[in-house]
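Chemist: Chains as they are written, first to last, in my numbering: chain A, 1 to 80; chain B, 1001 to 1227. For every residue, glycine included, the Cβ atom is placed at its ideal position computed from N, Cα and C. If you're wondering where the values come from, they're calculated on a predicted model, not measured in any experiment.
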């Protein structure tokens, strides 16, 4: 089983890279681009076959290392 | 006075801070490799600047979970003073020993220059060598130094006197706040004021030949408080 962890800054946390990307998209002529937020995607292969247990393990990984919950949100997606 | 400097793969200010500590304490300084699970008895533990683990994932995130850091956190919780400079400050926020977080600089550039800092209070182990309100000139060198804390945390820091240093205007060119830090915060204490994290490098301004000596009183003050 594989887990995909999406990590992004919380609302209210300045994301200067996202802002720079948004400005450049505007410079390239893409109209109607609102706020851009840049995040991270981490893929983890897991030996665990039970979805519930896998989610619980990845949740603990996010809390302890993968995300800094002072500034970041995370979401976990399990893929077969 | 016994001091320990923790050395991580990618630390690059470990020797600088060792020299500054030797100069002020007059004693030997233990250099402790991050992979060691034993930490010698110390009156002060220093987490130096650098780019531990290549800043992978988030600055300081890997180092915060190094084997020796379990012991550093335990000692800090027992009241042993801990000083984290630059990358060391990033490790301190990642371990939760001091509140808040450090984000990439608002200008997205690495900033390497002198800044001016206001000492918010002289009432600490780390700042008793200064006057409250004194302005220091000390270098910064970082890409991820934008201090962030949410509104409740800021209020708590302010009420508890946990803001150690703020960036302030001076004669150096460029904005006073070099990285967009919330409330111009350059350094914070834990709630007992036994742990200090700061982005500027006092060890790089600890000898007149560095071009500035304003950082020396931080190390001298620690010796006064801890000897």
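#1: Does any C-beta atom of chain A lie closer than 7 angstroms to the C-beta of residue 1198/B?
#2: Under a Cβ-count criterion, where at least 16 other Cβ atoms within 10 Å of its own Cβ denotes burial, should residue 64/A be classed as buried or exposed?
#3: Which class does residue 1091/B belong to by DSSP, given the choice of helix, strand or coil?
#4: According to DSSP, what are the bridge partners of residue 1048/B?
#5: Considering only DSSP beta bridges, list what residue 1145/B is partnered with.
#6: Taking a contact to mean a Cβ-Cβ separation below 7 angstroms, would you say residue 1014/B touches residue 1040/B in this structure?
#7: Does the Cβ of residue 1145/B have 16 or more other Cβ atoms within 10 Å, making it buried, or fewer, making it exposed?
#8: Are three or more beta carbon pairs between the region 1056-1067 of chain B and the region 1085-1095 of chain B nearer than 8 angstroms?
#9: Under 8 angstroms Cβ-Cβ, which residues of chain A neighbour residue 1100/B?
#10: What does a CB cutoff of less than 8 angstroms around residue 1022/B pick up in its chain, not counting 5 residues either side in sequence?
#11: Show which residues of chain A have a CB atom less than 8 angstroms away from the CB atom of residue 1104/B.
#12: Tell me the rounded alpha-carbon separation between residue 1115/B and residue 54/A.
#13: For residue 1130/B versus residue 1122/B, is the C-beta spacing smaller than 7 angstroms?
#14: When the Cβ atoms of the region 1176-1183 of chain B are set against those of the region 1101-1111 of chain B, are three or more pairs found closer than 8 angstroms?
#15: What is the DSSP secondary structure of residue 1041/B, reduced to helix, strand or coil?
#16: Please state the DSSP three-state secondary structure of residue 1214/B.
Modeler: Per the coordinate set shown:
#1: What you label residue 1198/B is simply residue 198 of the second chain in a count that begins at 1. Chain A contact via Cβ: absent.
#2: Working through the first chain from its first residue, we reach residue 64/A at position 64. Exposed.
#3: In the second chain, the residue the question calls residue 1091/B occupies position 91. Reduced to three states, the DSSP call for residue 1091/B is helix.
#4: Counting from one through the second chain, the residue named residue 1048/B turns up at place 48. Residue 1048/B pairs with nothing; no bridge assigned.
#5: For the purposes of this step, residue 1145/B is taken as residue 145 along the second chain, with counting starting at 1. Bridge partners of residue 1145/B: none, in fact.
#6: Looking up residue 1014/B in the second chain gives position 14. Looking up residue 1040/B in the second chain gives position 40. It is not a contact, given that the beta carbons lie outside the stated cut-off.
#7: The count along the second chain starts at 1 and reaches residue 1145/B at position 145. By the neighbour-count rule (16 or more Cβ atoms within 10 Å), residue 1145/B is buried.
#8: yes
#9: Position 100 of the second chain, counted from the first residue, corresponds to residue 1100/B. What residue 1100/B touches in chain A: 70.
#10: Counted from its first residue, the second chain places residue 1022/B at position 22. Taken in chain order, the residues that qualify are 1028, 1029.
#11: In the second chain, counting from the first residue as 1, residue 1104/B sits at position 104. Those within 8 angstroms of residue 1104/B in chain A are 16, 17.
#12: Reading the second chain from its first residue, position 115 is the one you call residue 1115/B. Reading the first chain from its first residue, position 54 is the one you call residue 54/A. Distance between the alpha carbons of residue 1115/B and residue 54/A is about 48 angstroms.
#13: Here residue 1130/B is taken as the residue at index 130 of the second chain, counted from 1. Here residue 1122/B is taken as the residue at index 122 of the second chain, counted from 1. Yes, these two residues count as a Cβ contact at 7 angstroms.
#14: yes
#15: Counted from its first residue, the second chain places residue 1041/B at position 41. Three-state DSSP puts residue 1041/B in coil, outside helix and strand.
#16: Indexing the second chain from 1 puts residue 1214/B at position 214. Reduced to three states, the DSSP call for residue 1214/B is coil.
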